[in-house]
Every structure is written in C-alpha cells, then in structure tokens.
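*Asks:*
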Amino acid sequence: MSSDSSGNAALPCQDMRRRYRKKLFVIVIFSLVAGMVYWLYQYDHRIDTSADDLLKEALLECYKTKPQIRGQLHSDGPTIYAITPTYSRPVQKAELTRLSHTFMLVPDFHWIIVEDAPSPTSLVTKLLLRSGIPHTQLVAATPKKWKLKEKDANWKYPRGVIQRNRALEWLRENLDANRDKGVVYFADDDNAYSLEIFEEMRSTKGVSVWPVGLVGGLMVEKPLLNATTGRVAGWNSAWKPERPFPIDMAGFAINLELLLHHPEAKFSFDVEGGYQESEILRHITTRDKLEPKADKCTKVYVWHTRTEPPKLNQEQLLQKKGKRSDEGMEV
Ligand code: UGA
Ligand code: MN
C-alpha cells in the first residue's frame with residue numbers, strides 16, 4: 065500500500081521533472097541558435113560597414129584625384145591611338161576580349177589592331193565590331209625568317225616589329241599633324257591595363273613615361289626622378305640597364321604631332337633584343353625631355369602580365385581521332 069501510494073506520488077513528480085528538463089533543453093537550444101543568428105548578423109553587418117567605409121574612401125579618393133574616370137565616355141581631349149599587334153593562338157580571343165572590355169570604357173579612343181596574319185581573320189573582325197570601339201583593322205605578317213616557332217625561346221626574335229610599323233604607316237597616311245590631336249600608345253595584347261593609364265597619357269606633349277608592373281625581372285620597372293627638378297634622372301631597370309631607354313613598350317606614349325614630324329621613327333629587326341623601345345624613342349626624344357606621369361611615377365597602372373600557354377594534351381588526343389572539342393565554336 066505504502067509502496068503503491070509512494071509510487072503513485074512519485075510518478076507525476078518524475079513526469080514534471082522530465083517535462084521541465086525538456087523545456088529547459090528546448091530553451092537552451094533556442095537561445096543558442098538565436099545567439100548564433102544574432103552573432104552572425106552582427107558579424108555580417110560589421111563586414112558590410114567596413115567594406116562600405118573602404119568603398120566610400122576609394123570613391124572619395126577617385127572624385128578628388130580622378131574626375132575623368134567618373135564621367136567616362138566623354139572627353140574633349142586628344143584621341144588615344146592604341147596599337148596592338150596580335151597573332152592567332154589558343155588564347156587570342158581571351159586576350160583581345162579582356163583588352164576590349166577595358167578599352168570600351170576609355171573615351172576618345174581609337175584601337176589599331178594589326179594582325180600577324182596574311183589576311184584579316186573573322187575572329188578579330190567580329191570582336192572589333194561587337195566591341196563598338198572605333199577601330200582600324202590591319203594586317204602585316206611577320207616574315208618566316210623572323211617568326212618564332214612554338215618551341216623557340218620568346219627572346220630569340222623581336223615580336224610585333226612589322227605590325228607596329230604597319231600601324232605607324234597608317235597613322236602617317238591617314239592623319240594630319242595640323243588637324244588631328246592624339247597620343248600614340250603601343251598596347252600589346254597580353255598586358256593588363258587600368259583605366260587610369262589612358263587618362264595619364266592623354267596630356268602627353270612629347271613623350272611621357274610611367275612605371276610598368278611585373279617586367280624586366282622586377283615587381284615594377286620605373287623611371288627615377290630627380291627630387292629637385294622632378295625630371296627623369298634614370299630608371300631602376302635591372303635587365304640591360306645600359307639601354308638608352310631601359311623601359312618596356314607599355315611604359316611610354318608619344319604625342320601624335322611629334323610622331324608625325326619624325327617619319328624616320330620606327331621599329332627594326334636589326335637591333336639587339338630589348339632595344340625596340342630605344343630604337344623608336346632615340347629618333348624623337350632625349351631622356352631629359354621625358355614627361356613623368358602616374359603621380360610622379362609612384363603608381364602602377366599597367367602590368368606586363370604574360371599569359372601561360374594552356375595545356376591542350378587532351379585536345380591533341382581528340383584531334384588524332386579526327387574530333388575536336390570546339391567543333392563549330394569560336395573559343
Ligand atoms: C616584350 C615587350 O613587352 C614587347 O612589347 C616587345 O615587342 C618584346 O618584348 C620584344 O622585345 O620583341 P613580350 O611579352 O615578350 O614583350 O612579347 P609578346 O607579348 O609575346 O609580343 C608583343 C606583341 O607582339 C603582342 O601584342 C603579341 O600579340 C604580338 N606578337 C607576338 C605577334 O604579333 N606575332 C608573334 O609572332 C608574336
Ligand atoms: Mn607581352
């Protein structure tokens with residue numbers, strides 16, 4: 065009886081305790097989840113706020129120093145004639161697409177593409193038309209003797225020589241020093257360009273120069289300025305520093321009028337490796353006349369990025385079987 069009564073009394077008590085524990089468990093789990101959600105929200109919010117601040121700071125900087133980047137597609141300045149030699153290879157369309165998507169954003173811009181090919185290719189023609197960029201499509205095939213073979217080291221022969229000369233010839237035939245205002249820039253198809261570089265070069269009166277990232281075995285190859293005069297005193301170049309102008313093709317621009325006044329200024333196969341830049345510049349300027357750009361040559365707005373050739377071993381196996389992955393497609 066007593067055990068009965070004690071058992072009867074204990075049961076509801078145990079039941080209550082069990083229910084109480086369940087409730088407590090649910091409350092604890094709920095609080096934990098709610099706490100985590102709140103923490104995550106706060107964490108997210110913190111990131112947002114700091115990203116916002118960074119963006120504001122960057123915009124402010126941009127508004128203060130680079131008003132021309134805002135207005136885009138409208139500039140009353142001289143036209144930039146960018147000369148790009150290009151040749152057929154698996155990465156060609158990717159390279160030219162990247163370039164065109166930058167150049168589309170540059171006001172008063174004329175793209176002179178010179179194909180290293182016997183005749184214009186539809187890949188380049190379509191890409192230029194699709195881009196909507198004012199352009200001229202030319203061709204100039206590198207003579208066989210000077211053409212690099214797939215396995216050749218890239219410094220064996222100079223690249224882009226007759227393509228750039230063809231573009232210079234076009235400028236000389238079609239533009240007039242008294243009528244046309246412009247700046248000429250040699251924009252290779254494998255480099256990476258920031259929009260700022262075009263606004264920097266637009267004011268070039270003679271020949272302007274600036275740092276180039278990732279070239280000549282250095283993080284940045286740059287003109288060194290005289291602290292008092294602010295003029296170019298030399299370069300930090302480590303590769304062939306004895307060159308008259310130890311710089312990369314991407315590191316200078318030439319005023320159109322000046323170029324048109326020097327018909328002898330061009331590129332040549334008859335110069336030592338790395339001397340193409342010096343070859344054209346020696347005709348039109350001297351070191352002391354160079355105009356330093358990019359915040360007294362302290363900023364990098366162009367990089368000599370070279371694209372690694374893709375590995376296409378599976379494609380080669382397919383082609384041996386008479387098939388290909390890009391059948392009917394332009395890659
Ligand atoms: C470096 C410089 O950045 C080049 O401007 C310079 O012409 C070259 O050295 C040199 O001294 O000849 P690098 O990156 O080694 O350049 O040269 P590439 O980018 O391979 O070639 C320069 C331009 O010529 C590119 O726009 C490329 O598409 C074009 N090219 C290259 C041809 O038109 N045909 C070719 O067979 C190879
Ligand atoms: Mn290159």
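In the working numbering, the protein residues as written are 65 to 395. Where is the CB? At the ideal position from N, CA and C, for every residue including glycine.
#1: Using only the heavy atoms of the ligand MN, determine whether one of them is closer than 6 Å to the beta carbon of Asp216.
#2: Since Arg228 contacts Phe262 with CB under 8 Å, what's their CB separation in whole angstroms?
#3: Where do the N-terminal and C-terminal ends of the alpha helix (DSSP H) with Val188 fall, by residue?
#4: Which of helix, strand or coil does DSSP assign to Phe333?
#5: Is the segment 160-167 close to the segment 285-295, with three or more CB pairs under 8 Å?
#6: Does at least one heavy atom of the ligand MN sit under 6 Å from the Cβ of Asp252?
#7: If you follow the beta strand (DSSP E) that Thr148 is in, where does it begin and where does it stop?
#8: His325 by DSSP, collapsed to three states: which one?
#9: Does the pairing of the segment 148-158 with the segment 177-196 give three or more beta-carbon distances under 8 Å?
#10: Considering only heavy atoms of the ligand MN, does any lie closer than 6 Å to the CB of Arg162?
#11: Measure the alpha-carbon distance for Gln383 versus Asp254 and round it to whole angstroms.
#12: What I want to know is whether the C-beta of Pro374 ends up closer than 6 Å to one or more non-hydrogen atoms of the ligand UGA.
#13: Quick one: Cα of Trp103 to Cα of Pro305, how far?
*Replies:* In short, the structure shows the following:
#1: no
#2: Not confirmed; about 18 Å, so no contact.
#3: Ser186 to Ser195
#4: coil
#5: no
#6: yes
#7: Thr143 to Thr150
#8: coil
#9: yes
#10: no
#11: 27 Å
#12: no
#13: 57 Å
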